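Undergrad: Count the sequence shown with the working numbering and you get residues 50 to 218, in order.
We put the CB at the ideal spot given by N, CA and C, even for glycine.
This structure is a prediction, so every number in the text was calculated from the model and none was measured.
Quick one: the structure is below, questions incoming.
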Amino acid sequence: MASPRVAVILGSDSDLPTMEEGLKVLKDFGVAFELKIMSAHRSPGLVHDFAKSAEKNGVKVIIAAAGGAAHLAGVIASMTRLPVIGIPMETGSLNGMDSLFSTVQMPYGVPVATMAIGKSGARNASIFALQILGLTDNRIARELNAFKRRLEADVVAKNKKLTLKGRLS
Ligand code: RP5
50 MASPRVAVIL GSDSDLPTME EGLKVLKDFG VAFELKIMSA HRSPGLVHDF AKSAEKNGVK
110 VIIAAAGGAA HLAGVIASMT RLPVIGIPME TGSLNGMDSL FSTVQMPYGV PVATMAIGKS
170 GARNASIFAL QILGLTDNRI ARELNAFKRR LEADVVAKNK KLTLKGRLS
C-alpha cells in the first residue's frame with residue numbers, strides 16, 4: 050500500500066476530539082493519513098525528525114493542530130518545503146485567539162496556511178489538503194468537484210424551502 054500523503058500532527062492528545070472532525074473528511078474521501086502527536090515545546094526533537102524526513106517519506110501535505118502558544122505548525126514549516134496547514138485549537142483562557150495569532154503570524158518566507166479556530170478549521174484543513182492533492186490526483190479532483198456541487202445543491206434546496214415557507218405565510 051502507498052504511504053500516506055497527508056500527515057496530521059497534533060500538539061497533544063487533548064487536540065484529538067477537535068481533529069476527529071477533520072480526520073472524518075479525509076476518511077470520507079478515501080485518503081490515507083498518518084496521525085502523530087508531538088509538541089514544539091515538549092518534544093522538539095520529535096518535531097525536528099518528523100519535519101526533516103516528511104518529504105522523503107512521501108508526505109505531500111502536513112496538517113498541524115495546536116493550541117495556546119501554538120508554534121507547532123510554524124516550527125514544522127521552518128524545516129520543510131511541504132505546504133503546512135495550521136489549525137488553531139480553541140482554548141479555555143483566550144478562546145483560541147492565542148492559538149490563532151501564534152499560528153497565523155508567520156514571518157516572510159515561512160507561511161502556514163491557517164484555518165479557522167477549532168472544529169470548522171479542522172474540517173477545512175482537510176478540504177484544503179485535498180485541494181492540494183487534487184492538483185495532481187484526478188480521482189480526488191473529481192470527488193472535490195462533486196463535493197462542491199453538493200454544497201451548491203444544498204444552498205438551492207434551502208432557498209426552495211424558504212420560498213415555500215414564504216408562500217405559506
Ligand atoms: C498545546 O497545548 C497542545 O496542542 C494543546 O492544544 C495544548 C494543551 O495541551 P495539553 O496540556 O492538554 O497536553 O501544545
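Just to check, is the beta-carbon of M164 closer than 8 angstroms to a non-hydrogen atom of the ligand RP5?
TA: Result no, Cβ not under 8 angstroms from the ligand RP5.
Undergrad: L182 and V74 - do their beta-carbons sit closer together than 9 angstroms?
TA: Not closer than 9 angstroms, so no.
Undergrad: Answer yes or no: the CB of G117 versus the heavy atoms of the ligand RP5, is any distance below 8 angstroms?
TA: For the ligand RP5, at least one heavy atom lies less than 8 angstroms from the Cβ of G117.
Undergrad: Terminal residues of the continuous alpha helix (DSSP H) containing V110?
TA: V110 -> not in any alpha helix (DSSP H); beta strand (DSSP E) instead, spanning 110-115.
Undergrad: In whole angstroms, what is the alpha-carbon distance linking L84 and A162?
TA: About 19 angstroms.
Undergrad: Taking only the alpha-carbon atoms, compute the straight-line gap between I112 and P93 and give it to the nearest angstrom.
TA: Answer to the nearest angstrom: the Cα atoms are 17 angstroms apart.
Undergrad: Between which two residues does the beta strand (DSSP E) carrying G135 extend?
TA: 133-137 is the span of the beta strand (DSSP E), which, as asked, contains G135.
Undergrad: Under 9 angstroms between the Cβ atoms of G60 and A89?
TA: Taking 9 angstroms as the Cβ cut-off, G60 and A89 qualify as a contacting pair.
Undergrad: Report yes if the C-beta of T140 is less than 8 angstroms from at least one heavy atom of the ligand RP5; otherwise report no.
TA: Flag set: Cβ of T140 near the ligand RP5.
Undergrad: If I measure Cβ to Cβ from A165 and keep anything under 7 angstroms in the same chain, skipping five residues before and after, which residues do I get?
TA: Within the same chain, A165 has close Cβ partners N173.
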